[in-house]
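Quick mapping for you: the protein sequence lines, in order, are chains A and B.
All residue numbers for the first sequence refer to our numbering, where the first residue is 1 and numbers rise by one.
All residue numbers for the second sequence refer to our numbering, where the first residue is 1001 and numbers rise by one.
Think of the CB as a built atom: it goes at the ideal place given N, C-alpha and C, for glycine as much as any other residue.
Just below is one structure, and these are the notes that go with it.
Protein chains: 2
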Amino acid sequence: MRNVNKKLDRNIVLVISYDGTRYSGWQVQKNSTTVQEIFQNALKNVILEDVDIKGCSRTDAKVHANNYYVNFKTSSRISVKNITNAMNRFLPYDICVKNAFEVSDDFHARYSCTGKEYVYKIWNHQIRNPFMHDYALHYWYDIDCENLRDVRKYIIGEHDFTSFATLDKRNAQNMIRNVHDFDVIRQENVIEIKISANGFLYNMVRIIVGTLLRIAQNKIKIHDIPYIIDKKDRKYAGPTAPPHGLYLNRVFYDNIEFKE
Amino acid sequence: MRNVNKKLDRNIVLVISYDGTRYSGWQVQKNSTTVQEIFQNALKNVILEDVDIKGCSRTDAKVHANNYYVNFKTSSRISVKNITNAMNRFLPYDICVKNAFEVSDDFHARYSCTGKEYVYKIWNHQIRNPFMHDYALHYWYDIDCENLRDVRKYIIGEHDFTSFATLDKRNAQNMIRNVHDFDVIRQENVIEIKISANGFLYNMVRIIVGTLLRIAQNKIKIHDIPYIIDKKDRKYAGPTAPPHGLYLNRVFYDNIEFKE
C-alpha cells in the first residue's frame, strides 16, 4: 500500500453526504469514530493506495452534511464513476458519495473554497416529532419567521463576528466574515434557517441560531444585533444551539470546472 | 395498582406517532421490545392503574405510524391534556402522543375503525440517501409514477385480495377488501404510494408495493393486475416490499366525535 515511485498525478474531488448522528464530526480523533476515518478506510479499499485526504471543513459531532467536498491525489487509474459506485459499497449506510470529479492539480477542498451555506432545522411544535429526533432541534414555543427574517438587514454583509464565535484555536486572527445571504423559511412545522458566507467562525451558525431563538422568546430584540456585533464579546449573544439541527448544505468554489 | 372497586367509567383515545425502527411492531411479544409494551409502561406511570389498552392495528417490525389510535378505560380523573403532556415525558424519543380525547363507552380503537390509509415511501435515486435509511425503501431504477398511477383503475373498489396477502392466522376468512383510494406521488426523488381501504389483509400494502416495483421493472404489466387478483394466489403478485418504507398514516372512524 505504500506509494513508492508512484506519481500522484490525478486530483479527485468527491461530493459526499452524511448523517452525523453516529460520528464525532469529520476530523480524525483518537478514541472516537469520525466520518474522515470511515471515509479513509473505504477509500483505501477502492484505490488501493494510502492517500492524504482533504476535507472542506471540520464539522462537530452530530452535525450533518448534505454536500461535503473532499479531495485527494492518487496514481490510481479508476474512473470517477467507478470510484463513486465502489465507495458506496464500502461506506456504511449513513455516508454516501454523491458525485466524483477530476480537477486541476491546484484544487484544495478547503483552501479553494470561497463560501459555504449552512441550514439549521427546527421542529417547531409543542409535541416532538419521533422522526426528527436526530435531524432537527425540537422547539416548543411558536416562532414568528416573518419577524426573524428581519435579522437579514443586520447580519448580511461584512462584520466582525467575535460575539458569535466560540473562542477556539480553530478561529483565525481575523474574525471578519462576509455573510452573503440569510433566510428563515417555514414549511408547516419545520423551520429552516439558511445562512451563507465566505467563511464561518467556530460555532458561528449555532450561536446565530441560539440568538434567533432568544429573539423569538423576546429576550433579545432584533435591533440589539448591531450592538451585540459591536461588543465583540461572546457573552452578549444567545446560547449555542445544539448540533443535530445543523447541516453543511452547499460549498462554493470559483472558477472550478467539475467534469465527470 | 389493582383496580378493585374502581369504576372504569372513562374511555380515553390517544393518537400516537412512532418511528418503528427500534421496535418489533405494535403488539406485545415475548423476548422483543414492542411499542405496546413501552406505551403500557408509560401509561401505568401516568394514570396509576393497570389498564387494558386496545390498538387500532398490528404493525410489523420497523413499520412506522404517523397516526395510530389507542383506547383504554380508566377510573383516573386526569384531564386529557395532562395525559398528553405526562405521556410525552414518560415515552422515549421515538414515540409521542399527539392528541387525547374522551369518547363514548362503546368506542374501540380496532373494532370501531372503518378504514385506514397507509403511505409507502421510496427514495428513488441511484445513490442512497443517508438520512432515509430507516424511513424509505432505496430503489435504484427510475420509476415512472404517471404509469404506476394507472393501477388505480384495477385496484380501487371491492376485490378479493388473496393474491396480495401473506397466508397467516391474522387474515380472516373473508379476503374481500374495499380499496377507497390509491395514488403515487413524486416529490423530487421521494415517491409516496398512498392507499386507503376499509381494511387490509396481512402484508397487503407491502405486496402491492412489491408488485408496483415489478411493474416499474416491466416484469409485470399493469393490465395483468385483474388476472393476478382473479388467481387468488399469492405467487402471482410481486414480492413483499421491506417494512421500513411503510407508515400507518390515517385511521378513519365514523360518527365519532373526538372532543378534547
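Does the stretch 65-81 of chain A come within contact of the stretch 15-35 of chain A, defined as at least 3 CB pairs closer than 8 Å?
-> yes
Whose CA, out of A:Q36, A:K194, A:D230, lies closest to the CA of A:M175?
-> A:D230
If you measure from the beta carbon of A:Y23 to each beta carbon in chain B, is any gap under 8 Å?
-> no
Would you kindly check if the distance between the Cβ of B:H1180 and the Cβ of B:G1115 is under 8 Å?
-> yes
Close beta carbons around B:R1110, own chain, < 8 Å, minus the five adjacent residues each side | K1054, G1055, C1056, S1057
Buried or exposed (CB count within 10 angstroms, at least 16 for buried), A:N71 | buried
With 16 as the cutoff for other CB atoms within 10 Å, does B:R1177 come out buried or exposed?
-> buried
Does any C-beta atom of chain B lie closer than 8 Å to the C-beta of A:I191?
-> no
Short-range partners of chain B found in the stretch 56-80 of chain A, where Cβ spacing is below 8 Å | H64
Count the other C-beta atoms from every protein chain shown that fall within 10 angstroms of the C-beta of A:Y227, then say buried if there are 16 or more, exposed otherwise.
-> exposed
Nearest chain A C-beta to B:R1250 closer than 8 Å, yes or no?
-> no
Starting from the N-terminal side, write out each stretch of the beta strand (DSSP E) that is 3 residues or longer and does not extend beyond the stretch 43-114 of chain A.
-> 64-74, 95-103
Starting from the C-beta of A:T34, find all residues in its chain whose C-beta is less than 7 Å away, skip the five residues before and the five after it, and write them out in chain order.
-> Y23, S24, G25, W26, Q27, V28
Whose CA, out of A:I220, A:V209, A:F90, lies closest to the CA of A:K121?
-> A:V209
Start-to-end residues for the beta strand (DSSP E) that takes in B:R1250 = 1246-1253
Excluding the 5 residues preceding and the 5 following A:D134 in the sequence, name in chain order all residues of the same chain whose CB lies nearer than 6 Å to its CB.
-> T21, H244
Could you work out which residue in A:Y139, A:N82, A:F182 is closest to A:N189 when comparing CA atoms only?
-> A:Y139
Sorted by chain position, which residues of the same chain lie with C-beta nearer than 7 Å to A:L212's C-beta, five sequence neighbours on each side aside?
-> L148, V151, I193
Enumerate in chain order the residues of its own chain whose CB-to-CB distance from A:I51 is below 6 Å, with the five nearest sequence positions on each side excluded.
-> According to the sequence as given, residue 51 of chain A is Val; it is not Ile. Around A:V51: F72, T74.
If you measure from the beta carbon of B:Y1018 to each beta carbon in chain D, is any gap under 8 Å?
-> Of the protein chains in the structure, A and B, none is chain D.
Is there a Cβ from chain A that is less than 8 Å from the Cβ of B:H1133?
-> yes
Residues of chain B with a CB under 8 Å from the CB of A:N88: which are they?
-> I1127, R1128
Alpha-carbon spacing of B:S1076 relative to B:E1037, whole angstroms | 20 Å
Closer than 8 Å by beta-carbon distance: list the chain A residues that pair up with B:K1098, in chain order.
-> I127
Where the stretch 139-172 of chain A meets chain B: residues whose CB sits under 9 Å from a CB there | none
How many angstroms separate the CA atom of B:I1225 from the CA atom of B:P1092?
-> 42 Å
Can you tell which of B:T1240, B:S1196, B:D1144, B:F1039 has the C-alpha that lies nearest to the C-alpha of B:I1215?
-> B:D1144
DSSP-derived helix/strand/coil call for B:E1188 | coil
Which runs of the beta strand (DSSP E) fall wholly inside the stretch 1174-1248 of chain B and span at least 3 residues, in chain order?
-> 1176-1187, 1190-1197
Nearest-angstrom Cα separation, counted from A:I127 out to A:N218 = 22 Å
Does the separation of the CB atoms of B:I1012 and B:V1080 fall below 8 Å?
-> yes
If the cut is a Cβ gap below 8 Å, which residues of chain B does A:Y93 touch?
-> R1128, P1130, H1133
Status (buried if at least 16 other CB within 10 Å, exposed otherwise) for A:N249 | buried
Assign A:D163 to buried or exposed, taking buried as 16 or more other Cβ atoms, counted over all protein chains shown, within 10 Å of its Cβ.
-> According to the sequence shown, residue 163 of chain A is Ser rather than Asp. Per the 10 Å Cβ criterion, buried.
Considering only residues of the same chain and omitting the five flanking positions on each side of A:I220, which have a CB-CB separation below 8 Å?
-> T211, R214, I228, G238
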